[in-house]
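FYI, in full-length UniProt numbering the residues of the sequence shown are 1 to 536. Let me begin by presenting the structure, written as structure tokens, before commenting on it.
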Amino acid sequence: MTIKSANKKTGISFRKYFTQELTHGYFMDENNERYTERRERVYTFLKQPREIEKMMIYGLFLCLDVFLYVFTFLPLRILFALIRLLSAPCCWLRRRSVLDPAQKCDLLKGIIFISCAYVMSYIDTSFIYHLVRAQTLMKLYIIYNMLEVADRLFSSFGQDILDALFLTATESGPSIKESCKLLLHLILAVIYVFMHAILVLFQATTLNVAFNSHNKVLLTIMMANNFVEIKGTVFKKFDKNNLFQISCSDIRERFHYFALMFIVLLRNMQQYAWNYEHFMELLPNIFALIASEYVVDWFKHAFVLKFNHIPIESYKEYRATFAYDVATSRQVGSISDHCDLVSRRLGFIPLPLAVLIFHVTRISIDFHGATGILVIAIGYLALILVKIFNSIVIVGQACKFIHDDVAQASCVPLTVPKLSVVDPFEQRGNKTILVSHVKPLEKDEPPCRGEKVPPRKKRKSEGPSTAPNVSLTTPARERSMRAPSVDNLVTADGRVDDEAESSVPPALAVGDGIFSEAKRRLVLVPKPDTIEEDLS
């Protein structure tokens, strides 16, 4: 009887259970920090497309600037180099070099472009179109994927070939042995640019076949193929440096898509005698393909940020890195040309694409007669104006981004990363990856924690200080000082690098000063005002 009465007392009626289920409450404010962090993730997810597009647009302007340089300023630089070369015959007799290294590289670029354009004139694009069109649907899908992989590999190896050629031209002397070595490098560079141009032509032809097919199955498969990129990226561990490489690769890929769409549009309009109705038929397909690329980039970057706890402010840091590259390459006495630096940073090599665009434009538009010469002259002037306007925008925005980056670094204190609540679906560890902020040194603050340095008193006999301008280093400035590599961009989408942040050397050398890791917060870099003066 005692056991039965105890069970009866501890029991609960159905009415009471039902009432409790309807009226019980919970207190979310007791775990406010956890839910606040999750709410911030949602806001970051929604704000991410806007931030990535700001960076993408600036990167596209950089690619456009490098691409237009081949058609505008490079011919003028080659003309000036030829005039200087032909106007100094006495230097030929003395076996002295009349040209500086930059002019030698310009002449080699001109030789490569003219040689490849001449060989491309013997390529029958109609034969390639019918050859691709005769393949089955599955074959075309496999061929297109293989061409995308080959394009990345060609970009990586091609940049090394061109760098080796320019270095050989700079170091070569008047001896026959060095001239033969330079000739071999030049032949190898011509072969590379020609093969890369043919590869891009096959890509454009495959897209053209997909656009002109009666059923749009192939075009749909190509758009769906972009979404496979999300699966291969978002479920891997990345840090800020890996995300920067992915962003550079996406900028180059997006500009490449625009170039392919231009080639497809040009060939179709020429085939249909520049019919406006056919142009309106092509626009929805072009828009759908480009829109799928945009959506894939948004989702890919959004989930990479979410799963790896990367702050959205990283995209401002990436823009500042591009800005530092622009400022460094356009200063007087820079060690690298602006186009070469952008090519290495973004993995974009303009020569093969420029050769193909020149070839497709030449066979699609009639330039014969006086009208053709007038069209060429007007088109060249228009390209120069676009190039100048684009350069002004790039340099102006670079100064703004550098100023904002230094201002943000000087006002944001150093923070210690906190442990974060982990989503069970993420499985990425419990450590949040935060932006590495830097803190300005106060007037009497020692340069390193734990290191006490007494303030130095200025002597009366000392004159005015001649020390260089000292400014704060920022993560963007640090990243811009690392040597860019195209190989990192080729493997960016499948890269898992747990020690990317620790790959910075313990001694950071900038100019004539070398600072230890403990004093890395201060570097000898020009202040934003100094950079703006040099650019002006």
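No residue lacks a Cβ here, since even glycine has one placed at the ideal position from N, Cα and C.
query	result
To which residues of the same chain is residue 323 closer than 6 Å at the C-beta, ignoring the five residues directly before and after it?	398, 401, 402
Out of 252, 83, 233, 129, point me to the one whose CA is closest to residue 203's CA.	129
Using a Cβ-Cβ distance under 7 Å, would residue 129 count as near chain B?	The structure shown contains no chain B; it is built from a single protein chain.
Could I get the ranges of all uninterrupted alpha helix (DSSP H) runs contained in the stretch 334 to 419, with 4 residues as the minimum, in chain order?	338 to 346, 350 to 364, 369 to 411
Does the Cβ-Cβ distance between residue 104 and residue 169 come in under 7 Å?	yes
Are residue 317 and residue 475 touching if we call contact CB-CB under 7 Å?	yes
Which residue comes first and which comes last in the alpha helix (DSSP H) that contains residue 302?	276 to 308
Which stretch, first to last residue, makes up the alpha helix (DSSP H) that contains residue 136?	Here residue 136 belongs to no alpha helix (DSSP H), and DSSP marks it neither H nor E.
Start and end of the alpha helix (DSSP H) containing residue 101?	101 to 120
Taking all protein chains shown into account, do 16 or more other C-beta atoms lie within 10 angstroms of the C-beta of residue 325, making it buried, or fewer, making it exposed?	buried
Going by beta carbon distance, what residues of the same chain come within less than 6 Å of residue 132, once the five residues before and after it are set aside?	205, 206, 209
Look at residue 154 and residue 196 and say whether their C-beta atoms are less than 7 Å apart.	yes
Okay, do the stretch 235 to 245 and the stretch 299 to 309 touch, 3+ Cβ pairs below 8 Å being the bar?	yes
How would you label residue 368, buried or exposed, when you count the other beta carbons within 10 angstroms and need 16 or more for buried?	exposed
I need the DSSP call for residue 71, collapsed to helix, strand or coil.	helix
Please report how far the alpha carbon of residue 267 lies from the alpha carbon of residue 276, in whole angstroms.	14 Å
What distance in whole Å lies between the Cβ atoms of residue 141 and residue 230, which are believed to be in contact at a cut-off of 8 Å?	18 Å between Cβ atoms; not a contact.
Whether or not the stretch 46 to 63 and the stretch 303 to 312 are in contact is what I'm after, with contact meaning three or more pairs of Cβ atoms, one per stretch, closer than 8 Å; do they touch?	yes
Would you check if there are 3 or more beta carbon pairs closer than 8 Å linking the stretch 283 to 295 to the stretch 379 to 389?	no
Determine the DSSP secondary structure at residue 36, reduced to helix, strand or coil.	helix
With DSSP as the reference, label residue 236 as helix, strand or coil.	coil
Residues in its own chain within less than 7 Å of residue 386 by CB, not counting five upstream and five downstream?	68
Rounded to a whole number of angstroms, what is the C-alpha to C-alpha distance between residue 263 and residue 121?	16 Å
Do you know whose CA, among 248, 293, 218, 112, lies nearest residue 162's CA?	112
Taking 7 Å as the cut-off, decide whether the C-beta atoms of residue 41 and residue 236 are in contact.	no
Is DSSP giving residue 467 helix, strand or coil here?	Because residue 467 carries a pLDDT of 39, less than 50, the predicted location of this residue cannot be relied on, and no value is offered for it.
Straight-line CA distance for residue 467 to residue 194?	The pLDDT assigned to residue 467 is 39, lower than 50, so where the model puts this residue is not dependable; a value taken from the coordinates is nonetheless given after this. Distance between the alpha carbons of residue 467 and residue 194 is about 51 Å.
With 16 as the cutoff for other CB atoms within 10 Å, does residue 408 come out buried or exposed?	buried
Buried or exposed: which applies to residue 319, given that a residue is buried once 16 or more other Cβ atoms fall within 10 Å of its Cβ?	buried
Verify whether the separation of the beta carbon atoms of residue 332 and residue 62 is less than 7 Å.	no
Once the 5 residues before and after residue 259 are set aside, which same chain residues still bring their CB inside 6 Å of it?	353
Identify whether residue 273 lies in helix, strand or coil by the three-state DSSP scheme.	coil
From residue 281 to residue 363, what does the alpha carbon distance come to, in whole angstroms?	23 Å
Between which residues of its own chain and residue 361 is the CB-CB distance below 6 Å, once the five residues before and five after are set aside?	none
Please list, in chain order, all residues of the same chain as residue 17 whose beta carbon is under 7 Å from its beta carbon, the five residues on each side excluded.	none
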